[in-house]
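UniProt numbering applies: residue 1 is where the sequence shown begins, and numbers increase by one.
C-beta atoms are modelled at their ideal positions from N, C-alpha and C, and glycine is treated no differently.
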Amino acid sequence: MRLITIALTALLLLIQYPLWLGKGGWLRVADFEAQVNAAHKKNAELIARNAKLNSEVMDLKDGTGAVEERARYELSMIKQNEIFIQIVGKGQATPPPPLAPRPETR
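Right under this line is the structure:
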């Protein structure tokens, strides 16, 4: 009787091996699901980034407002006959002075 119990236990373990550790087993499936979820998350981030870039490109193509805003904030440019005032808080580095407007040549 003891031999039959040992044989059945061994058969049960042999049957369980592919289910847990074999190709297509539960552990591998769980690992693949984690990889798929990570890929979906990264794709969602990239889609959001692409939408933002596409919006920015369309804004730059369609109007001059975005170009003017970029020139003002990134290049510190001002229009002619315009006064530039910038308040710097304590502990902040002093930004470079704005570019002087070019005189109109005709």
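Less than 8 Å between the beta carbons of residue i and residue j, yes or no?
| i | j | result |
| --- | --- | --- |
| residue 113 | leucine 60 | Residue 113 is absent from the model: the chain starts at 1 and stops at 106. |
Apart from the five residues just before and just after residue i, which ones in its own chain have a Cβ nearer than 7 Å to its Cβ?
| i | result |
| --- | --- |
| leucine 53 | none |
| alanine 30 | none |
At the level of alpha carbons, what is the spacing between residue i and residue j?
| i | j | result |
| --- | --- | --- |
| glycine 63 | valine 88 | 31 Å |
| phenylalanine 32 | asparagine 43 | 16 Å |
| isoleucine 15 | isoleucine 4 | 16 Å |
| glutamate 68 | valine 57 | 14 Å |
| arginine 28 | leucine 21 | 7 Å |
| isoleucine 78 | lysine 90 | 25 Å |
| phenylalanine 84 | glutamine 92 | 18 Å |
Where do the N-terminal and C-terminal ends of the alpha helix (DSSP H) with residue i fall, by residue?
| i | result |
| --- | --- |
| valine 65 | The sequence given here has glycine at residue 65, not valine. Segment 65 to 75, the alpha helix (DSSP H) holding glycine 65. |
| lysine 90 | Element bounds for lysine 90: n/a, residue is neither H nor E. |
With a threshold of 6 Å on Cβ separation, who are the neighbours of residue i within its own chain once the five nearest residues in sequence on each side are excluded?
| i | result |
| --- | --- |
| arginine 70 | none |
Which same chain residues, not among the five before or five after residue i, have their C-beta less than 8 Å away from its C-beta?
| i | result |
| --- | --- |
| glycine 25 | Pro18 and Leu19 |
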